[in-house]
Amino acid sequence: MSLQILAVDDSRTIRDMLNLTLNQAGFTPHLADDGIHGIEVLEEMSPPPDA
Numbered sequence: 681m682s683l684q685i686l687a688v689d690d691s692r693t694i695r696d697m698l699n700l701t702l703n704q705a706g707f708t709p710h711l712a713d714d715g716i717h718g719i720e721v722l723e724e725m726s727p728p729p730d731a
């Protein structure tokens with residue numbers, strides 16, 4: 681099982697780059713476009729993210 685990472689950034693370009701880079705590095709990225717969405721994603725993640 682790969683480590684899960686939650687990343688929050690309002691830039692679509694940055695989120696796309698993070699998604700690609702983290703996947704290539706063997707992580708499971710979860711991305712959100714703002715803090716509120718980040719909290720919603722965090723509450724739905726099971727188990728909680730590693731970073």
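Residues in the sequence shown are numbered consecutively from 681, following the numbering used here.
We put the CB at the ideal spot given by N, CA and C, even for glycine.
Alpha carbon of residue i to alpha carbon of residue j, nearest angstrom
i    : j    : result
M697 : N703 : 10 Å
I694 : I685 : 15 Å
I719 : D730 : 15 Å
G706 : E724 : 21 Å
Buried/exposed call for residue i, threshold 16 Cβ in 10 Å
i    : result
L711 : buried
P727 : exposed
Paired residues, beta bridge with residue i - DSSP
i    : result
V688 : A712
Own chain residues within Cβ distance below 8 Å of residue i, not counting five before or after
i    : result
T701 : none
beta-carbon residue i near the ligand MN non-hydrogen atom, thresh 7 Å
i    : result
A731 : This structure lacks the ligand MN, and indeed carries no ligand of any kind.
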